[in-house]
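J.:
Numbering (the working numbering), first residue to last: 407 to 553.
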């Protein structure tokens, strides 16, 4: 179940799931921008190649806004970070981590908003907890189909 933690200058959501598939399968799902909406009900579309240094255009059902993070870390089958905004005002950073666990992969996703504007901005943000839970559930289901 997704967790939420907040303070004056940060807001953090996280979720973890054990996916019954190899990291290569999970990574393939997480890095296929065009295929994302076919398995992930929390994403309407992703434009751009999910690769180090690239900027993405992400549309989601819970917001009319297009999010434009840049891929700032990319370690195949292990870790990826998308980031938008800049400190000290406001920065969003989503970290995906994969780790092997017997015949499965532990998937972790953390979204952290930091900066001076977190307090005012957080009041207008939706509750990402259910979205993160659905994201993880969709990933588990899609990986099962591919394994």
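All C-beta atoms, glycine included, are put in the ideal place defined by N, C-alpha and C.
Compare the Cα-Cα distances from residue 413 to each of 522, 546, 551 and report the closest residue.
T.: When only C-alpha atoms are compared, the closest one is 522.
J.: If you drop the 5 nearest sequence neighbours on each side, which residues of the same chain put their C-beta closer than 6 Å to that of residue 460?
T.: Contacts found: 454, 477.
J.: Have a look at residue 509 and residue 424 and give me their C-alpha separation to the nearest angstrom.
T.: So the alpha carbons of these two residues sit roughly 10 Å apart.
J.: Helix, strand or coil for residue 519 per DSSP?
T.: Strand, per DSSP.
J.: Just the C-alpha distance for residue 433 and residue 482, rounded to the nearest angstrom, thanks.
T.: About 7 Å.
J.: Compute the Euclidean distance between the alpha carbons of residue 463 and residue 489, then round it to the nearest angstrom.
T.: Between residue 463 and residue 489, the C-alpha separation is close to 12 Å.
J.: Within its chain, find whatever has a CB closer than 8 Å to the CB of residue 474; leave out the 5 residues flanking it on each side and keep chain order.
T.: Counting only Cβ-Cβ distances below 8 Å, and skipping sequence neighbours, we find 461, 462, 463, 464, 490.
J.: Using CA atoms only, rank isn't needed, just tell me which of 437, 526, 500, 479 is closest to residue 514.
T.: Nearest C-alpha to residue 514: 500.
J.: Residue 487 by DSSP, collapsed to three states: which one?
T.: Correct three-state label for residue 487: strand.
J.: Measure the alpha-carbon distance for residue 440 versus residue 431 and round it to whole angstroms.
T.: Taking the straight line joining both Cα atoms gives about 16 Å.
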